[in-house]
Amino acid sequence: MHRRGVGAGAIAKKKLAEAKYKERGTVLAEDQIVQMSKQLETFKSNLEEFASKHKQEIRKSSQFRVQFQEMCATIGVDPLASGKGFWSEMLGVGDFYYELGVQIIEVCLALKHRNGGLITLDELHHRVLKGRGKFAQDVSQDDLVRAIKKLKAMGNGFGMIPVGSSYLVQSVPAELNMDHTVVLQLAEKKGYVSVSEIRESLKWERERACHVLEDLLKEGLAWLDSQASGEPQYWLPALFSELTSRDVTPEEANQMTP
Amino acid sequence: MDRFTWSNGLLEMNETLVIQQRGVKLYDGEDKAKLDVGIALLSTHQLIWRDLKNNECCIAIPLSQIIYFEEQAAGIGKSAKIVIHLHSAPANKEPGPYQQSKFSYIKLSFKEHGQIEFYRRLTEELSQKRWESTPMSQPIPTATDSQTGRTRAVGIVGIERKIEERRKETDKNISEAFEDLSKLMVKAKEMVELSRSIANKIKDKQGDITEDETIRFKSYLLSMGIANPVTRETHGSGTHYHLQLAKQLGDMLLAPLEERGGMMVLTEVYCLVNRARGMELLSPEDLVNACKMFESLKLPLRLRIFDSGVMVVQLQSHSEEEMISSALDNVTDKGSLTAEEFAKMLGLSVLLSKERLLLAEKMGHLCRDDSVEGLRFYPNLFNSQA
Chain A
804 MHRRGVGAGA
814 IAKKKLAEAK
824 YKERGTVLAE
834 DQIVQMSKQL
844 ETFKSNLEEF
854 ASKHKQEIRK
864 SSQFRVQFQE
874 MCATIGVDPL
884 ASGKGFWSEM
894 LGVGDFYYEL
904 GVQIIEVCLA
914 LKHRNGGLIT
924 LDELHHRVLK
934 GRGKFAQDVS
944 QDDLVRAIKK
954 LKAMGNGFGM
964 IPVGSSYLVQ
974 SVPAELNMDH
984 TVVLQLAEKK
994 GYVSVSEIRE
1004 SLKWERERAC
1014 HVLEDLLKEG
1024 LAWLDSQASG
1034 EPQYWLPALF
1044 SELTSRDVTP
1054 EEANQMTP
Chain B
15 MDRFTWSNGL
25 LEMNETLVIQ
35 QRGVKLYDGE
45 DKAKLDVGIA
55 LLSTHQLIWR
65 DLKNNECCIA
75 IPLSQIIYFE
85 EQAAGIGKSA
95 KIVIHLHSAP
105 ANKEPGPYQQ
115 SKFSYIKLSF
125 KEHGQIEFYR
135 RLTEELSQKR
145 WESTPMSQPI
155 PTATDSQTGR
165 TRAVGIVGIE
175 RKIEERRKET
185 DKNISEAFED
195 LSKLMVKAKE
205 MVELSRSIAN
215 KIKDKQGDIT
225 EDETIRFKSY
235 LLSMGIANPV
245 TRETHGSGTH
255 YHLQLAKQLG
265 DMLLAPLEER
275 GGMMVLTEVY
285 CLVNRARGME
295 LLSPEDLVNA
305 CKMFESLKLP
315 LRLRIFDSGV
325 MVVQLQSHSE
335 EEMISSALDN
345 VTDKGSLTAE
355 EFAKMLGLSV
365 LLSKERLLLA
375 EKMGHLCRDD
385 SVEGLRFYPN
395 LFNSQA
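Protein sequences, first through last, are from chains A and B. When you line the first sequence up against the numbering used here, it's residues 804 to 1061, in that order. When you line the second sequence up against the numbering used here, it's residues 15 to 400, in that order.
So this is what it looks like as structure tokens:
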């Protein structure tokens, strides 16, 4: 433990150190800490002023939130690091994202038995919005992504897998490597995938394809349809709602029925 | 999309091409239009769109039909768009790709960028309104401000005008907010640089820092959301705030932990605590940093990280041997168990039951049978009957 020495000897030593530093034109760390404390006070009041004028923007505009987050990232500041941070306390950014985190966890937990812990960002977005009710603030997908990034700090394998034009959100600690991810991406179009499709598109050997599919089955991320005509199909419940909730116009419906 | 008419895409004598952009996909309101990606062309008189692959598929709409338009920023996996709000189609409109539409706006989606310049040119053309001074030889039906037009002002056009005014007002507020935000960020950046300088000095031992000062420094970092450059700890952990928090959690979590067999996943704790607080919520990192202090504060709780990466809070009284022997007993009793079956028996979450079984396996008491039917655990007979 460092302690500033007391006594004549210590005073002399300190004077020597100060002189040396002044000579080299550098400022001592403890002086800088005092300086920082002063700057912090000033900054705090600037932030308060900003908040009094613009706090609404953060709540109302997801576009503003994106800009705000990007600016913070550029200068090396994480406004969501702590609920005790200035940004969180005065702008209310924290509460917005932390509460969103709670809602995301709850949705993922509620659906885990069905999709094994994998859900599309679209479906997550849709369900979170539903859960928030009509009068709640609007929440964008960017907001969800940032909230999810923060959740990673708590272990439990929250992650995002790029698939198609969007993402799959993973909420279980299943280890998904590149092979798994690529198969998920392949399955995105139809919601299912087969061994021969994998071999054709990815040019893998049979064993590699089967191994990955087995992994997905074991983790509960895929369901096996062994009664499909031709060969067995591996369906991904995480991708189900994409297909079943698509609106179909009368003309399209007529074209679809054989 | 029902405002568009089929067009040959050729410009008239008085008409000039202003800008064209490839890779544009059209939207009917929120829905993707039944058209492929194509080229959007802006002239002094019209907005034209042509299919890239099938050049004969070409549609156009007069610029006078546009009430107002706005940008829609790009998102993840989504291109930037320009949303264009339109007047209703006049009664004598020529046929087009859509007979009817429930939307009164369209979107241009810029898959190959170019939206900024297109937006700028569109703004120019709509403010200059060059089509009014140089009418095309073929009279294109426009929404006229005739006597009947004025009475419409109270109706749809009036509402749309109000929307535009409100949008302009919002825009003004947002741009002012952005300006103020930029100034704020400049000051924040100074603080970041100062903190880095301090951290370097601490590292190089230039100057004597007391423990008090170190704690103060950490709390400054916490307030600003700056990662501690010296220790790389996330954002000033180990501060007074986290100390207080740890004590609060020590009180608050005892009962819930007992109810749940002595262990809770950290995400569950997060939801429980924040739901109870309602306001001034904890960040995930706050929670983790507070839980890390349980041991040093001699509280009866521990933060524990399993091999799988799952983080839990468990009661200190919750002995490891107890968990393992209970797992072994249950598995021996039933012959074999999966995590789901075990969970049902104990009334625990599947995640935690699995961790218990894995722990018992790690200690050599259980063996696994890993198949597509699931992960099943058996007593390790090699061990017990060897």
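Even glycine gets a Cβ: it sits at the ideal position worked out from N, Cα and C. Everything numeric in this text was worked out from a predicted model, so none of it was measured.
Check for me: the alpha helix (DSSP H) holding residue i runs from which residue to which?
i       : result
D194(B) : I170 to D218
D945(A) : Q944 to L954
H929(A) : L924 to R935
C71(B)  : From DSSP, C71(B) is part of no alpha helix (DSSP H); its letter is neither H nor E.
D881(A) : Segment: none, D881(A) is in no alpha helix (DSSP H) and carries neither H nor E.
V279(B) : That residue, V279(B), is in no alpha helix (DSSP H); its beta strand (DSSP E) goes M277 to V279.
I229(B) : E225 to M238
Should residue i be labelled buried (16 or more other beta-carbon atoms within 10 Å of its own) or exposed?
i        : result
K39(B)   : buried
G361(B)  : exposed
V837(A)  : exposed
L31(B)   : exposed
F396(B)  : exposed
Q1058(A) : exposed
D384(B)  : exposed
F938(A)  : exposed
P314(B)  : exposed
What's the C-alpha gap between residue i and residue j?
i        : j        : result
G1023(A) : V931(A)  : 23 Å
S885(A)  : G239(B)  : 7 Å
E335(B)  : A832(A)  : 49 Å
K816(A)  : D834(A)  : 17 Å
N28(B)   : R144(B)  : 10 Å
D300(B)  : R382(B)  : 37 Å
S1048(A) : L136(B)  : For S1048(A), the predicted structure reports a pLDDT of 46, less than 50, and the residue's modelled location is therefore unreliable. A value from the coordinates is still provided. C-alpha separation (whole angstroms): 36 Å.
L912(A)  : G920(A)  : 8 Å
Q842(A)  : K197(B)  : 15 Å
A105(B)  : R134(B)  : 31 Å
E1054(A) : Q906(A)  : 38 Å
Y392(B)  : V364(B)  : 17 Å
R166(B)  : E138(B)  : Unreliable placement is indicated for R166(B), whose pLDDT of 42 sits below 50; the coordinate value is still reported in the next sentence. When rounded, the distance between both Cα atoms is 26 Å.
M205(B)  : F889(A)  : 13 Å
L259(B)  : Y901(A)  : 16 Å
K186(B)  : L49(B)   : 36 Å
A1012(A) : R1002(A) : 7 Å
L987(A)  : P965(A)  : 9 Å
I73(B)   : K182(B)  : 30 Å
K348(B)  : E369(B)  : 19 Å
F18(B)   : S855(A)  : 46 Å
P1035(A) : L1027(A) : 7 Å
Closest to residue i by C-alpha separation, out of the options, would be which residue?
i       : options                                 : result
T346(B) : L317(B), L366(B), V327(B) and H379(B)   : H379(B)
S9(B)   : L311(B), L257(B), K201(B) and G23(B)    : The structure shown does not extend to residue 9(B), since chain B is modelled only from 15 through 400, so no value can be given for it.
V896(A) : R949(A), I878(A) and E991(A)            : R949(A)
H256(B) : V171(B), Q86(B), K121(B) and K232(B)    : K232(B)
I212(B) : D185(B), E272(B), G89(B) and N242(B)    : N242(B)
L122(B) : Q142(B), G110(B) and L61(B)             : L61(B)
A203(B) : T845(A), V880(A), S848(A) and K955(A)   : The sequence as given places Lys at residue 203(B); Ala does not occur at that position. When each option's Cα is compared against that of K203(B), the closest is V880(A).
I951(A) : A353(B), R390(B) and T281(B)            : T281(B)
N68(B)  : K116(B), V51(B) and R230(B)             : V51(B)
K92(B)  : L850(A), L1042(A), E1010(A) and D945(A) : D945(A)
S865(A) : C72(B), Y82(B), A87(B) and I80(B)       : A87(B)
Q973(A) : G936(A), E852(A), L924(A) and E1017(A)  : L924(A)
K116(B) : K215(B), L55(B) and M15(B)              : M15(B)
E991(A) : S840(A), D1028(A) and G967(A)           : G967(A)
R316(B) : V279(B), S339(B), L342(B) and L351(B)   : V279(B)
Starting from residue i, find everything on chain B with Cβ-Cβ shorter than 8 Å and list it in chain order.
i       : result
D945(A) : G89 and I90
Q838(A) : L208
Can you pull the chain B neighbours of residue i, defined as C-beta to C-beta under 9 Å?
i       : result
Y970(A) : I90 and G91
Starting from residue i and walking both ways along the beta strand (DSSP E), at which residues does that stretch end?
i       : result
P393(B) : G388 to P393
P965(A) : G962 to V966
R316(B) : L315 to I319
D986(A) : According to the sequence displayed, residue 986(A) carries Val and not Asp. Unbroken run through V986(A) is the alpha helix (DSSP H), M981 to A990; no beta strand (DSSP E).
Just to make sure I have the definition right: I need the residues of chain D whose C-beta is within less than 8 Å of the C-beta of residue i. Which are they?
i       : result
R382(B) : Absent from the structure is chain D; the protein chains it does hold are A and B.
Going along chain A in order, which residues have a C-beta closer than 9 Å to the C-beta of residue i?
i       : result
R370(B) : What R370(B) touches in chain A: nothing, since even the nearest Cβ is about 15 Å away.
Which chain A residues sit within Cβ distance under 8 Å of residue i?
i       : result
N344(B) : Chain A residues near N344(B): none, gap ~22 Å exceeds 8 Å.
Can you pull the chain B neighbours of residue i, defined as C-beta to C-beta under 7 Å?
i       : result
H857(A) : A191 and D194
L810(A) : Here residue 810(A) turns out to be Gly, not Leu, going by the sequence shown. None at all; the shortest Cβ gap to chain B is about 15 Å.
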